[in-house]
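Engineer: Could you have a look at this structure, given as structure tokens, before my questions?
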Amino acid sequence: MSTTNPTITVETARHVLSHFGRGGYPAGDWTESLITLIDRADMTNRAKLVTAFPEVGAAVLLAKYDEEGIATLQRIADAPKPQCPEALYDPGTGNLRRCTQNGPHDDHQAADGAQWRIDVDTTTEVPW
Ligand SMILES: [Zn+2]
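Going by our numbering, 86 is the number at position 85 of the sequence shown; the sequence numbering is gapless.
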């Protein structure tokens, strides 16, 4: 593998693993469509897509063509990371959405795209 390959994020590794039925979790509609498109493209169009979307492209190519690709993506997906401890509880459904973002951030976001913000003055959770 060339050192010029883009870094594949934990999220992308999980999305591509999910696309190939090897774990992870599904991407949002647009990203899943992009992964499917790169997966199905002929060589010419795949090269164009990988140029335009290097990170997702690299992950799909790994999964499809590299003997160690799935294992590599699984290592990326399982990498320990400092995870935000915040979660959004929905009393209506009883669901607890965990924030999936890393590093400092003001707006928390769950895997399903739900976003919320916690007011610094209170512990009240305010869904958008
Ligand atoms: Zn957060």
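The beta carbon of each residue, even a glycine, is placed where N, CA and C say it ideally should be.
None of these values were measured; they are calculated from a predicted model.
Can you tell me whether arginine 41 is buried or exposed, with buried defined as 16 or more other CB within 10 angstroms of its CB?
Structural biologist: Working through the sequence shown from its first residue, we reach residue 41 at position 40. Under this definition arginine 41 is an exposed residue.
Engineer: According to DSSP, is histidine 20 helix, strand or coil?
Structural biologist: Within the sequence shown, numbered from 1, the residue matching residue 20 stands at position 19. Reduced to three states, the DSSP call for histidine 20 is helix.
Engineer: What separation, rounded to the nearest whole angstrom, lies between the Cα atoms of leucine 97 and alanine 88?
Structural biologist: Working through the sequence shown from its first residue, we reach residue 97 at position 96. Working through the sequence shown from its first residue, we reach residue 88 at position 87. Their Cα atoms are separated by approximately 6 Å.
Engineer: For the beta strand (DSSP E) that contains aspartate 40, what are its first and last residues?
Structural biologist: Along the sequence shown, one-based indexing puts residue 40 at 39. Where aspartate 40 is concerned, there is no enclosing beta strand (DSSP E), although the alpha helix (DSSP H) it sits in stretches over 30–41.
Engineer: Could you tell me which uninterrupted beta strand (DSSP E) segments, each at least 3 residues in length, are contained entirely in the stretch 52–106, listed from first to last along the chain?
Structural biologist: 88–91, 96–99, all fully within the stretch 52–106.
Engineer: Tell me the DSSP bridge mates of aspartate 108?
Structural biologist: The residue labelled residue 108 in the question sits at position 107 within the sequence shown. Bridge partners of aspartate 108: Arg118.
Engineer: Going by the CB atoms, is the gap between glycine 25 and leucine 74 shorter than 9 Å?
Structural biologist: The residue you call residue 74 lines up with position 73 of the sequence shown. The residue you call residue 25 lines up with position 24 of the sequence shown. The criterion of a C-beta distance shorter than 9 Å is satisfied by leucine 74 and glycine 25.
Engineer: So, under 8 Å CB-CB, alanine 60 and isoleucine 119 are touching, yes? Tell me the CB distance rounded to an integer number of Å.
Structural biologist: Locating residue 60 in the sequence shown gives position 59, where the first residue counts as 1. Locating residue 119 in the sequence shown gives position 118, where the first residue counts as 1. About 32 Å separates the Cβ atoms of alanine 60 and isoleucine 119, ruling out a contact at the 8 Å cut-off.
Engineer: Verify the contact flag: glutamate 12, CB atom, against every heavy atom of ligand 1, threshold strictly below 8 Å.
Structural biologist: Numbered from 1 along the sequence shown, position 11 holds the residue referred to as residue 12. Distances between the C-beta of glutamate 12 and the heavy atoms of ligand 1 are all 8 Å or more.
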